[in-house]
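Asks:
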Amino acid sequence: MTYKNKLREIRLEVGMPVSELARRSKTTRQTITNIELHGQEPSVTLALKIAKALKRDPYDIFFTNDVIHDLQKGDKTA
């Protein structure tokens, strides 16, 4: 499953290279790239590590308006 996130946008905003984010998150550059460009869903643990490295709330990075809308839509039909 692929989904949208703001990881690339926020990473560029703070001026952090992929390699540095990968190092701080204890993962690979390829994993960061897959999350940014291909919508790979990170584990909760990795999402928290990425958020900590970027000094951002995980919600701001991984929950876009599209995701929030889909969650709300799911709640209405449940």
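Residue numbers for the sequence shown follow my numbering, beginning at 35 and rising by one.
Beta carbons are placed, not taken as given, at the ideal position from N, Cα and C, and that holds for glycine.
Here the structure is a predicted model, which is why all the values come from computation and not from measurement.
Within a Cβ cutoff of 8 angstroms, which residues of the same chain sit near Lys40, ignoring the five residues on either side of it in sequence?
Replies: For the purposes of this step, residue 40 is taken as residue 6 along the sequence shown, with counting starting at 1. So the qualifying residues of the chain are Asp94, Ile95, Phe96 and Thr98.
Asks: How many angstroms separate the CA atom of Asp76 from the CA atom of Glu47?
Replies: By 1-based counting over the sequence shown, the position of residue 76 is 42. By 1-based counting over the sequence shown, the position of residue 47 is 13. Per the sequence presented here, residue 76 reads as Pro, with Asp not at that position. The straight-line gap from Cα to Cα measures roughly 20 angstroms.
Asks: Mind reading off the beta-carbon distance from Lys124 to Lys60? Whole number of angstroms is fine, and I expect it under 8 angstroms.
Replies: Since the first residue of the chain shown is 35 and the last is 112, residue 124 is not available in this structure.
Asks: What's the call for Glu43, buried or exposed, on a 16-neighbour Cβ count within 10 Å?
Replies: Position 9 of the sequence shown holds residue 43. Per the 10 Å Cβ criterion, exposed.
Asks: If we count the other Cβ atoms within 10 Å of its Cβ and call it buried at 16 or more, is Leu71 buried or exposed?
Replies: Taking the first residue of the sequence shown as position 1, residue 71 is located at position 37. Around the Cβ of Leu71, a 10 Å sphere holds fewer than 16 other Cβ atoms; the residue is exposed.
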